[in-house]
Amino acid sequence: MSLENRIIKSLDRIRPYIQRDGGNIEFVSVNEEGIVTVKFFGACVGCSLQVFTLKGGVEALLMEEVPEVNGVEAIDYVA
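Going by the numbering used here, the letters in the sequence shown line up with residues 9 to 87, in that order.
Rendered as structure tokens:
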């Protein structure tokens with residue numbers, strides 16, 4: 009399975025928890041340094057817990073499940 013597919017599979021595991029609170033997350037890219045870029049939608053936009061969700065949830069899960077991942081960044085928060 010490709011790196012991108014493994015990242016998407018991991019994001020699919022955390023997505024229901026984000027959707028439960030009215031948000032969503034989408035994989036955008038991964039660079040050669042192992043930094044994954046994601047985009048948040050819905051209730052995640054403007055949420056005071058964005059950083060916790062990104063670093064404590066998404067990044068922690070991806071770094072645990074996909075050893076090539078070295079970090080996660082979010083872009084373009086969209087309502």
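We treat Cβ as the ideally placed atom computed from N, Cα and C, and that holds for glycine.
Since the model is a prediction, treat every value here as computed from it, not as a measurement.
By Cβ distance, which residues of its chain are closer than 7 angstroms to residue i, with the 5 residues on each side in sequence left out?
i: E73; result: S18
i: L62; result: V80 and A82
Report the partner residues of residue i according to the DSSP bridge assignment.
i: G30; result: Answer by DSSP bridge pairing: none, since G30 is not bridged.
i: A51; result: Its beta-bridge partners do not exist; DSSP assigns none.
i: A82; result: V46
Give me the residue from the options with the minimum Cα distance to residue i.
i: G50; options: Q27, L62 and E41; result: Q27
i: S56; options: N78, I15 and G31; result: G31
i: V53; options: A82, M9 and S10; result: A82
i: E12; options: G42, Y25 and P24; result: G42
So, using beta-carbon positions, are residue i and residue j closer together than 7 angstroms?
i: V44; j: V77; result: yes
i: L70; j: V59; result: no
i: F35; j: I15; result: yes
Among the residues of its own chain, which have a CB less than 8 angstroms from the CB of residue i, if the five just before and after it don't count?
i: V66; result: L19, I22, I33, V46 and V80
If I measure Cβ to Cβ from residue i and keep anything under 6 angstroms in the same chain, skipping five residues before and after, which residues do I get?
i: D29; result: A51
i: S37; result: T45
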